[in-house]
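In terms of the numbering used here, the sequence shown has 641 at position 618, counting the first letter as 1, and numbering is strictly consecutive.
The beta-carbon is built from N, C-alpha and C at its ideal position, and this holds for glycine as well.
The structure presented is a predicted model; accordingly, all values stated were derived computationally and were not measured.
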Amino acid sequence: MSTPLERIRNIGIIAHVDSGKTTVSERVLYYTGMSHKIGEVHDGTAVTDWMPQERERGITITAAAITCLWNNHQINIIDTPGHVDFTTEVERSLRVLDGAVVVFCGVGGVEPQSETVWRQADKYRVPRIVFINKLDRVGADFHNVVKQITNRLGAKPLLTQLPIGKEDGFLGVVDLIRQKALVWEEDTLGARFHEEAIPADMVEDVEHYREQLLESVADADDALLEKYLAGEALTTDEIVAAIRKKTKDIALFPVVCGTALRNKGVQPLLDAITDYLPSPEKPITGSIPDGEEKTWQVDDPIRAALAFKTMHDTYSGQLTFIRVYSGGLRTGDMAFNPRTRQTERVGRLVRMHANKKEDIDMAISGDIVAAVGLKNFTTGDTITDRDKPVILEPITFKQPVISLAIEPKTKTDSEKLGLALQRLSSEDPTLVVNSNEETGQTLISGMGELHLEIIIDRLVREFKVAVNTGAPQVAYRETISRPAEAEGKYIRQSGGRGQFGHVYLKIEPNQNLGIVFSNDIKGGSIPREYIQPIEKGIREAATTGVTYGYPVIDISVSLYDGSYHEVDSSEMSFMLAGSIGFKEAIKKAKPVLLEPVMKVEVVVPEEYMGTIMGDLQSRRGKVTELGERGTGIRTILSHVPLATMFGYATATRSLTQGRATYTMEFDHYARVPEHMVDEALGRKKESA
Numbered sequence: 024m025s026t027p028l029e030r031i032r033n034i035g036i037i038a039h040v041d042s043g044k045t046t047v048s049e050r051v052l053y054y055t056g057m058s059h060k061i062g063e064v065h066d067g068t069a070v071t072d073w074m075p076q077e078r079e080r081g082i083t084i085t086a087a088a089i090t091c092l093w094n095n096h097q098i099n100i101i102d103t104p105g106h107v108d109f110t111t112e113v114e115r116s117l118r119v120l121d122g123a124v125v126v127f128c129g130v131g132g133v134e135p136q137s138e139t140v141w142r143q144a145d146k147y148r149v150p151r152i153v154f155i156n157k158l159d160r161v162g163a164d165f166h167n168v169v170k171q172i173t174n175r176l177g178a179k180p181l182l183t184q185l186p187i188g189k190e191d192g193f194l195g196v197v198d199l200i201r202q203k204a205l206v207w208e209e210d211t212l213g214a215r216f217h218e219e220a221i222p223a224d225m226v227e228d229v230e231h232y233r234e235q236l237l238e239s240v241a242d243a244d245d246a247l248l249e250k251y252l253a254g255e256a257l258t259t260d261e262i263v264a265a266i267r268k269k270t271k272d273i274a275l276f277p278v279v280c281g282t283a284l285r286n287k288g289v290q291p292l293l294d295a296i297t298d299y300l301p302s303p304e305k306p307i308t309g310s311i312p313d314g315e316e317k318t319w320q321v322d323d324p325i326r327a328a329l330a331f332k333t334m335h336d337t338y339s340g341q342l343t344f345i346r347v348y349s350g351g352l353r354t355g356d357m358a359f360n361p362r363t364r365q366t367e368r369v370g371r372l373v374r375m376h377a378n379k380k381e382d383i384d385m386a387i388s389g390d391i392v393a394a395v396g397l398k399n400f401t402t403g404d405t406i407t408d409r410d411k412p413v414i415l416e417p418i419t420f421k422q423p424v425i426s427l428a429i430e431p432k433t434k435t436d437s438e439k440l441g442l443a444l445q446r447l448s449s450e451d452p453t454l455v456v457n458s459n460e461e462t463g464q465t466l467i468s469g470m471g472e473l474h475l476e477i478i479i480d481r482l483v484r485e486f487k488v489a490v491n492t493g494a495p496q497v498a499y500r501e502t503i504s505r506p507a508e509a510e511g512k513y514i515r516q517s518g519g520r521g522q523f524g525h526v527y528l529k530i531e532p533n534q535n536l537g538i539v540f541s542n543d544i545k546g547g548s549i550p551r552e553y554i555q556p557i558e559k560g561i562r563e564a565a566t567t568g569v570t571y572g573y574p575v576i577d578i579s580v581s582l583y584d585g586s587y588h589e590v591d592s593s594e595m596s597f598m599l600a601g602s603i604g605f606k607e608a609i610k611k612a613k614p615v616l617l618e619p620v621m622k623v624e625v626v627v628p629e630e631y632m633g634t635i636m637g638d639l640q641s642r643r644g645k646v647t648e649l650g651e652r653g654t655g656i657r658t659i660l661s662h663v664p665l666a667t668m669f670g671y672a673t674a675t676r677s678l679t680q681g682r683a684t685y686t687m688e689f690d691h692y693a694r695v696p697e698h699m700v701d702e703a704l705g706r707k708k709e710s711a
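This is how it looks when you write it as structure tokens:
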């Protein structure tokens, strides 16, 4: 029997690495009865971290889907990675979720990847609740984390609880809505807790923060505001309903707290998920084949579902993870893919519990399930009906910033490598594979060193392919520094049918917009059917590079004139003319080489601060912010070119006796200093 829509919650658990996301997920599984033993990250028994690479490293690499029941609600949870190299998993999960729990470490507070996942959730307008975790740790400071959420994220946290005790004296929480203290019983693995009177030394604080809470939610509707201003007491149901409305509107973010590892605070978190986060009732916007945008309600019979992830299963073949928005999907249904114009039969539908599967007959609006049998669907594809097709907005991903040359060790490995990489890249949209026929090398590109390390490990373990690896390479880019105009001609007229393509192009720099093409022809000097081939020629030239052999970015291209021949002109001739004109214009526009610049945060004991700052500056880094994280611990935020950061983990360990940690993520592209261009290009030649 299916759960009514209003009692379904599709949520993600997102955070910076090591904030305790997976531990929270494991406690949720245990307290909801889905797991009979508590899994632990540190001993490799976490249910949601099922890949060997995850269990060895103690980190989440792939988003795991789990379903559980709480208070007559079905909660579909996706536990996402916190490491920046796997931010794709967060991106595609948030695209299909209705809400999220953002976990913050009570000691670390708002860390770099916390900011990244918060901005990703902002992008998709995902309502959130905050769980401040690890309040039993030395140096944990609940109020400091709340202050950081306000200042660093520009958010409005709403305290619904206060912690009782701190560090190893943390006992439980005070519920500000119901005005009760909740204390967990140590000998029950956190399964039981009891209510107590609010501790005497907290009464004043509780009154103060409860009044703040009421003031923040009273304007949720006019009747409630009137009641509040008249000095009447608001009921628990009224307060909860007001918080729910404000949370759905992303006007504020309810805050709960605890320590998942010590089994305290998880049940009230589950209550908050069902009380405050929305059900999957929001209408979905997409388009029909002629491009017209439309909105569908969840009870609309038109089938609209999104494939947000694919993975290979040893026993079932390709699993396609799907969010159903309207229309439903049954085992045996024919699924139409508007991108490929192909139809495939749904072999099986399964509800996922990490890597375990439960067969179901039908998925309804709001469901997150996996389908077996959809071999030609990839991330971002819409699943719909051929006779009434709809197209949902696809998922966009960042471009890779680091590459690695790999070669198969034997002929047998060579035969298996192509298939293995094809399968891995179909699962992971940020893994880009290119083959160099001249050198025989294959180049894999990804989001960071760890990302590529995991790919190599999976090649060996899952696909039994042994490879040799070269040195990591930086994903440089080209752009221009000034506007330019050029003519592009492709004319072959020497007997028989010839070729005739002729264009005039104007190019100019743009900021972070990629290649933007505009057709500015007046008077029909080039027929309409040749415009698209011209754009294709320009984009292909941009992909292969013009001056330095790297992809060209951030240029606006205007096609403003040209000519054609009634007999000899063709799509091919105009595609080549577009490519030639673009390359000529680039040469005149003072091309420059760009390099990826990373945002690096180092957390370091105070005595090593000068050493680390000096090392960052020697790597062409620019320190942008200094901060504190508890007694004697400092944070250094900087922008550093990726080319100088290879092997940084080893260097930091050596400089600080292993006492510093760092995180690194792509921030922007910047011009390579002129005197270093030859060195950068030299590295490319050496690795070729």
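Please say whether D591 and Q522 have beta carbons closer to each other than 8 Å?
The residue given as residue 522 occupies position 499 in the sequence shown. The residue given as residue 591 occupies position 568 in the sequence shown. Going by C-beta atoms, Q522 is nearer than 8 Å to D591.
Mark D72 as exposed unless 16 or more other C-beta atoms lie within 10 angstroms of its C-beta, in which case mark it buried.
One-based indexing of the sequence shown puts residue 72 at position 49. Confidence in D72 is poor, its pLDDT being 39 and thus under 50, which makes the residue's placement too unreliable to answer from.
Which of the three DSSP states, helix, strand or coil, is assigned to F486?
Counted from its first residue, the sequence shown places residue 486 at position 463. F486 falls in the helix class under three-state DSSP.
Do L257 and K268 come within 8 Å of each other at the CB atom, strictly closer than that value?
As a working mapping, residue 268 is identified with position 245 in the sequence shown. As a working mapping, residue 257 is identified with position 234 in the sequence shown. Not a contact, by the Cβ cut-off of 8 Å.
Would you identify the three-state DSSP class for F276, choosing helix, strand or coil?
Translated into positions along the sequence shown, residue 276 becomes position 253. In the structure shown, F276 sits in a strand (DSSP, three-state: E or B).
Between the C-alpha atoms of F165 and P186, what's the straight-line distance to the nearest angstrom?
Residue 165 sits at position 142 when you count from the first residue of the sequence shown. Residue 186 sits at position 163 when you count from the first residue of the sequence shown. Going by the C-alpha atoms only, they are around 8 Å apart.
Please state whether the Cβ-Cβ distance between T183 and P277 is less than 8 Å.
Translated into positions along the sequence shown, residue 183 becomes position 160. Translated into positions along the sequence shown, residue 277 becomes position 254. Yes; because the gap between Cβ atoms is below 8 Å, this pair is in contact.
Does the Cβ-Cβ distance between K44 and V126 come in under 8 Å?
As a position in the sequence shown, residue 44 is number 21, starting the count at 1. As a position in the sequence shown, residue 126 is number 103, starting the count at 1. In this structure, V126 lies closer than 8 Å to K44 by Cβ.
Endpoints, alpha helix (DSSP H) assigned at M598
The count along the sequence shown starts at 1 and reaches residue 598 at position 575. Element bounds for M598: 594-611.
My parser needs the beta strand (DSSP E) runs of 3 or more residues fully inside the stretch 150-178; what are they?
With a minimum length of 3 residues, the continuous beta strand (DSSP E) runs that stay inside the stretch 150-178 are 151-156.
Report the rounded CA-to-CA distance for A393 versus R364, giving the unit in angstroms.
Locating residue 393 in the sequence shown gives position 370, counting from the first residue. Locating residue 364 in the sequence shown gives position 341, counting from the first residue. The straight-line gap from Cα to Cα measures roughly 21 Å.
Where does P222 fall in DSSP's three states?
Locating residue 222 in the sequence shown gives position 199, counting from the first residue. Residue state, collapsed to three classes: coil.
For a test of the three-state rule: what should DSSP assign to G314, helix, strand or coil?
Translated into positions along the sequence shown, residue 314 becomes position 291. Here G314 sits in coil by DSSP.
Considering only residues of the same chain and omitting the five flanking positions on each side of L536, which have a CB-CB separation below 8 Å?
The residue you call residue 536 lines up with position 513 of the sequence shown. Counting only Cβ-Cβ distances below 8 Å, and skipping sequence neighbours, we find D577, S579.
Based on DSSP bridge pairs, tell me the residues matched to S548.
The residue labelled residue 548 in the question sits at position 525 within the sequence shown. Beta-bridge pairing links S548 to no other residue.
In whole angstroms, give me the CA-to-CA distance for L427 and Q496.
Here the question's residue 427 lines up with position 404 in the sequence shown. Here the question's residue 496 lines up with position 473 in the sequence shown. Taking the straight line joining both Cα atoms gives about 6 Å.
Measuring straight from C-alpha to C-alpha, what distance separates A38 and I554?
Within the sequence shown, numbered from 1, the residue matching residue 38 stands at position 15. Within the sequence shown, numbered from 1, the residue matching residue 554 stands at position 531. Separation of A38 and I554 (C-alpha to C-alpha, rounded to the nearest whole angstrom) is 45 Å.
Going by C-alpha distance, which of Y499, D451, G560 is nearest L528?
Counted from its first residue, the sequence shown places residue 528 at position 505. Closest option to L528, Cα to Cα, is G560.
Consult DSSP for K189 and reduce its assignment to one of helix, strand or coil.
Position 166 of the sequence shown, counted from the first residue, corresponds to residue 189. In the structure shown, K189 falls within a coil segment according to DSSP collapsed to helix, strand and coil.
Can you check which of these residues, L444, V575, V646, is closest to V539 by C-alpha distance?
If you number the sequence shown from 1, residue 539 lands on position 516. That would be V575, whose Cα lies nearest to the Cα of V539.
Comparing C-alpha positions only, which one of N360, F359, T366, G355 sits nearest to V373?
Here residue 373 refers to the residue found at position 350 of the sequence shown. It is G355 whose Cα lies nearest to the Cα of V373.
C280 beta carbon less than 8 Å from that of I100
Translated into positions along the sequence shown, residue 100 becomes position 77. Translated into positions along the sequence shown, residue 280 becomes position 257. Note that the C-beta distance between I100 and C280 is not below 8 Å.
To the nearest angstrom, how far is it from the Cα of D66 to the Cα of A163?
Locating residue 66 in the sequence shown gives position 43, where the first residue counts as 1. Locating residue 163 in the sequence shown gives position 140, where the first residue counts as 1. Confidence in D66 is poor, its pLDDT being 47 and thus under 50, which makes the residue's placement too unreliable to answer from.
In this structure, how does DSSP classify W73 when only helix, strand and coil are distinguished?
The residue you call residue 73 lines up with position 50 of the sequence shown. For W73, the predicted structure reports a pLDDT of 38, less than 50, and the residue's modelled location is therefore unreliable. The matter cannot be settled from this model.
Rounded to whole angstroms, what is the Cα-Cα separation between E510 and I557?
Position 487 of the sequence shown holds residue 510. Position 534 of the sequence shown holds residue 557. One C-alpha to the other measures close to 13 Å.
Cα separation between E77 and P431?
The residue you call residue 77 lines up with position 54 of the sequence shown. The residue you call residue 431 lines up with position 408 of the sequence shown. Confidence at E77 is low in this model, with a pLDDT of 38, below 50, so its placement is unreliable and the value that follows should be read with caution. Rounded to whole angstroms, E77 to P431 spans 25 Å at the Cα level.
The beta strand (DSSP E) with I503 in it runs from where to where?
Your numbering for residue 503 matches position 480 in the sequence shown. Start and end: 500-503.
Looking only at its chain, what residues have a beta carbon closer than 7 Å to the beta carbon of Q534, apart from the 5 residues adjacent to it on each side?
Position 511 of the sequence shown holds residue 534. The residues are D577.
Check E476 in the structure and name its three-state DSSP category.
Translated into the one-based positions of the sequence shown, residue 476 becomes position 453. Residue state, collapsed to three classes: helix.
Give the range of the alpha helix (DSSP H) segment to which R267 is assigned.
In the sequence shown, residue 267 corresponds to position 244, counting from 1. Element bounds for R267: 259-271.
Residues sharing a beta bridge with N491, DSSP:
Numbered from 1 along the sequence shown, position 468 holds the residue referred to as residue 491. DSSP lists E430 as partners of N491.
Tell me which residues share the same chain as L284 and place their Cβ nearer than 6 Å to its Cβ, disregarding the 5 neighbours each side in the sequence.
Counting from one through the sequence shown, the residue named residue 284 turns up at place 261. T46.
Looking at the structure shown, is D336 part of a helix, part of a strand, or coil, going by DSSP?
To locate residue 336, count along the sequence shown from 1; it is residue 313. It is a strand residue.
Tell me which residues share the same chain as Y573 and place their Cβ nearer than 6 Å to its Cβ, disregarding the 5 neighbours each side in the sequence.
Position 550 of the sequence shown holds residue 573. Correct list, in chain order: Y499, R500, E501.
Buried or exposed for L92, going by 16 or more other Cβ atoms inside 10 Å?
As a first step, residue 92 must be located in the sequence shown, where it is residue number 69. It is exposed - the Cβ of L92 has fewer than 16 other Cβ atoms within 10 Å.
From which residue to which residue does the alpha helix (DSSP H) around A672 run?
Here the question's residue 672 lines up with position 649 in the sequence shown. For A672, the enclosing alpha helix (DSSP H) starts and ends at 671-679.
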